[in-house]
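S.K.: Please see the structure below; I have some questions.
Residue numbers (the working numbering), protein chains in the order written: chain E, 214 to 314; chain H, 3 to 488.
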């Protein structure tokens with residue numbers, strides 16, 4: 214399967230998924246660049262991976278679990294310090310409109 | 003004063019520990035050196051002058067009150083890459099989206115440095131969000147290679163490598179995802195270690211690719227690197243991928259014999275490299291064999307040629323997920339839109355640079371419905387094969403040898419094509435994908451006098467082996483570090 218033919222519509226769709234607002238010029242440039250990069254990646258089609266399991270973790274760490282007790286964390290004040298806007302002890306965020314924004 | 007800056011990290015630590023020198027005196031001199039030399043190089047984005055002097059005074063006080071308190075990095079001024087969180091000190095990842103951000107906590111490695119008596123100098127420049135191989139992707143200006151100011155220092159830890167080469171600090175901490183401490187070390191003629199994945203805690207390292215990122219030291223010699231690695235390595239329960247594996251005595255490896263060590267070399271590994279790299283690599287193989295008594299073994303890594311494609315699918319997929327948190331809501335830049343979705347899009351568009359956007363787009367694409375199997379899943383399967391190549395190779399040899407980079411440092415602005423830029427990491431990417439440790443040590447210079455690097459790789463958690471061979475090689479390589487002016 215060739216994955217190297219991205220249309221401007223594809224670019225717009227991916228930009229939406231990635232929550233990125235791109236200008237028309239940026240969209241065109243992105244289309245060209247992504248197509249070049251993805252064309253190179255077609256080389257992976259040469260490899261027979263029918264009997265191979267994926268590696269999501271190159272080294273699996275043991276001991277990732279601990280007893281379920283509450284441990285100290287950062288305070289509300291510390292965490293709100295970097296907030297662009299705060300209200301009533303929380304992050305003030307723009308309203309969510311119905312449907313696609 | 004250049005006598006001070008020619009000292010090693012260990013010499014400085016010893017002189018402060020024994021109170022022959024004060025930490026304040028060393029820090030003051032280092033700050034003056036940075037003030038004089040940093041403006042042209044732009045290695046430091048921010049110097050915490052007050053914080054550094056206060057920390058140095060604390061170290062002096064501690065040792066005065068209790069001279070037997072062992073501080074392995076007593077009074078040593080160290081800079082850290084600006085993708086490591088430092089409490090109360092601005093941390094930007096060289097991005098506009100985090101301009102002005104002040105973390106409320108320290109990264110694990112920052113805590114470890116402080117506990118060992120080190121003095122935090124400030125934050126080092128990088129490619130934005132650690133995405134790049136030249137430090138040209140920083141939103142706050144390029145970094146210039148101290149060996150030739152018209153050239154890049156490499157990336158993404160360009161600031162760290164340049165600062166280490168120029169003794170703007172006695173060591174630095176960078177981060178490495180696909181080569182980001184090793185390649186700049188190669189370009190700047192310094193030593194760097196990329197630990198085994200999981201060896202060093204990633205808590206407080208602002209994530210790029212979570213299955214690849216590691217923090218690594220950059221130093222002017224291997225013994226210093228060994229000490230710094232000992233300080234930062236070890237289990238941290240706050241990082242779920244942190245390994246529960248004992249930390250070896252890396253420093254003790256320095257000076258140990260390497261006679262009979264099997265060094266693996268892939269046939270024609272230098273094909274496609276610049277002539278100077280080919281020559282230096284061949285010379286290094288000769289020296290390892292003839293002067294150090296290593297056994298050179300030919301090995302194969304048949305799937306290594308796919309590493310670039312695998313890496314840029316996997317790393318960017320992970321990055322697209324990790325960078326979703328920069329949305330203008332809880333920290334960083336917010337560009338107000340009419341409502342929520344628009345605020346996300348505008349903030350991110352305004353805050354991220356071109357390379358970051360490119361990688362987020364690529365990563366989002368490979369994870370999206372219809373492409374996940376053909377791209378992301380496939381790449382992770384080829385990753386298994388790449389890792390398998392190393393397992394096989396290490397049954398035949400103890401350490402693997404490659405050049406660190408296919409060329410010496412290139413000129414600022416010379417490489418505009420994204421794919422051509424990605425090719426700079428051709429040797430450093432495969433070890434990252436396999437999670438194995440790797441170091442870069444200086445191994446000669448091009449006819450223009452530009453540094454070249456040698457990469458050594460070992461099986462998981464065998465950093466000791468790399469320190470041993472790296473140190474042995476360093477002692478006979480004849481490498482001359484950058485001459486320091488007063």
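Beta carbons are placed, not taken as given, at the ideal position from N, Cα and C, and that holds for glycine.
Would you say residue 277 of chain E faces chain H, with C-beta separation under 8 Å as the test?
M.R.: yes
S.K.: What runs of the alpha helix (DSSP H), each 4 residues or longer, lie entirely inside the region 238–295 of chain E?
M.R.: 289–293
S.K.: Report yes if the C-beta of residue 67 of chain H is less than 7 Å from at least one heavy atom of the ligand PLP; otherwise report no.
M.R.: This structure simply doesn't include the ligand PLP, nor any ligand for that matter.
S.K.: Could you tell me how far apart the beta carbons of residue 466 of chain H and residue 199 of chain H are, in whole angstroms, since I believe they sit closer than 8 Å?
M.R.: In fact, because the Cβ distance is near 17 Å, the residues do not count as touching under 8 Å.
S.K.: Taking the alpha-carbon positions, what's the residue 45 of chain H to residue 262 of chain E distance?
M.R.: 44 Å
S.K.: Compare the beta carbon distance of residue 299 of chain H and residue 398 of chain H with 8 Å and say whether it is the shorter of the two.
M.R.: yes
S.K.: Can you give me the start and stop residues for the beta strand (DSSP E) that residue 178 of chain H sits inside?
M.R.: Its beta strand (DSSP E) spans residues 174–178.
S.K.: Mind checking whether residue 159 of chain H and residue 186 of chain H have CB atoms under 8 Å apart?
M.R.: yes
S.K.: From this set, E:306, E:225, E:259, which residue's C-alpha is nearest residue 237 of chain E's C-alpha?
M.R.: E:225
S.K.: Using the Cα positions of residue 268 of chain H and residue 307 of chain H, report the straight-line distance between them to the nearest angstrom.
M.R.: 12 Å
S.K.: Within the 8 Å Cβ cut-off, does residue 439 of chain H reach chain E?
M.R.: no
S.K.: Is the shortest distance between the beta-carbon of residue 110 of chain H and the beta-carbons of chain E less than 8 Å?
M.R.: no
S.K.: Report the partner residues of residue 48 of chain H according to the DSSP bridge assignment.
M.R.: H:125
S.K.: Using DSSP bridges, identify the partner residues of residue 297 of chain H.
M.R.: Paired residues: H:264.
S.K.: Measure from the C-beta of residue 313 of chain H to each C-beta in chain E and report whether the shortest distance is under 8 Å.
M.R.: no
S.K.: Rounded to the nearest angstrom, what separates residue 488 of chain H and residue 181 of chain H at their Cα positions?
M.R.: Here the model assigns residue 488 of chain H a pLDDT of 47, short of 50, so the residue's position is not dependable, and the following value carries that caveat. Rounded to the nearest angstrom, the two C-alpha atoms are 32 Å apart.
S.K.: Is the Cβ of residue 381 of chain H closer than 8 Å to any Cβ of chain E?
M.R.: True, the Cβ-Cβ gap to chain E drops below 8 Å.
S.K.: Helix, strand or coil: which one does DSSP assign to residue 488 of chain H?
M.R.: In this predicted model, residue 488 of chain H has a pLDDT of only 47, less than 50, meaning its place in the structure is not dependable; the value taken from the coordinates is given anyway. Reduced to three states, the DSSP call for residue 488 of chain H is coil.
S.K.: If you count every other CB in all the chains shown that lies within 10 Å of the CB of residue 480 of chain H, and 16 or more means buried, which is it?
M.R.: Taking all protein chains in view, the Cβ of residue 480 of chain H is surrounded by fewer than 16 other Cβ atoms within 10 Å, so the residue is classified as exposed.
S.K.: Look up residue 440 of chain H in the DSSP assignment and give the residues it is bridged to.
M.R.: H:196, H:459.
S.K.: Does the structure place the region 139–146 of chain H close enough to the region 11–21 of chain H that three or more beta carbon pairs sit under 8 Å?
M.R.: With the cut-off at 8 Å, the region 11–21 of chain H and the region 139–146 of chain H do not touch.
S.K.: Could you please give me the residues that DSSP links to residue 150 of chain H through a beta bridge?
M.R.: DSSP, once it has assigned bridges, lists H:147 as partnering residue 150 of chain H.
S.K.: Which chain H residues are close to residue 297 of chain E, counting only those with a beta carbon under 7 Å from its beta carbon?
M.R.: 330, 336
S.K.: Could you tell me which residues DSSP puts in a beta bridge with residue 242 of chain H?
M.R.: In DSSP, residue 242 of chain H forms no bridge with anything.
S.K.: Enumerate in chain order the residues of its own chain whose CB-to-CB distance from residue 442 of chain H is below 6 Å, with the five nearest sequence positions on each side excluded.
M.R.: 184, 187, 188, 194, 406, 455, 457
S.K.: Would you verify that the beta carbon of residue 280 of chain E is, or is not, closer than 8 Å to some beta carbon of chain H?
M.R.: No, because no Cβ of chain H sits closer than 8 Å to the Cβ of residue 280 of chain E.
S.K.: Going along chain E in order, which residues have a C-beta closer than 9 Å to the C-beta of residue 462 of chain H?
M.R.: 271, 272
S.K.: What residue range is occupied by the uninterrupted alpha helix (DSSP H) comprising residue 2 of chain H?
M.R.: The structure shown does not extend to residue 2 of chain H, since chain H is modelled only from 3 through 488, so no value can be given for it.
S.K.: When the Cα atoms are used, what is the spatial distance from residue 275 of chain E to residue 308 of chain E?
M.R.: 43 Å
S.K.: Where does residue 447 of chain H fall in DSSP's three states?
M.R.: strand
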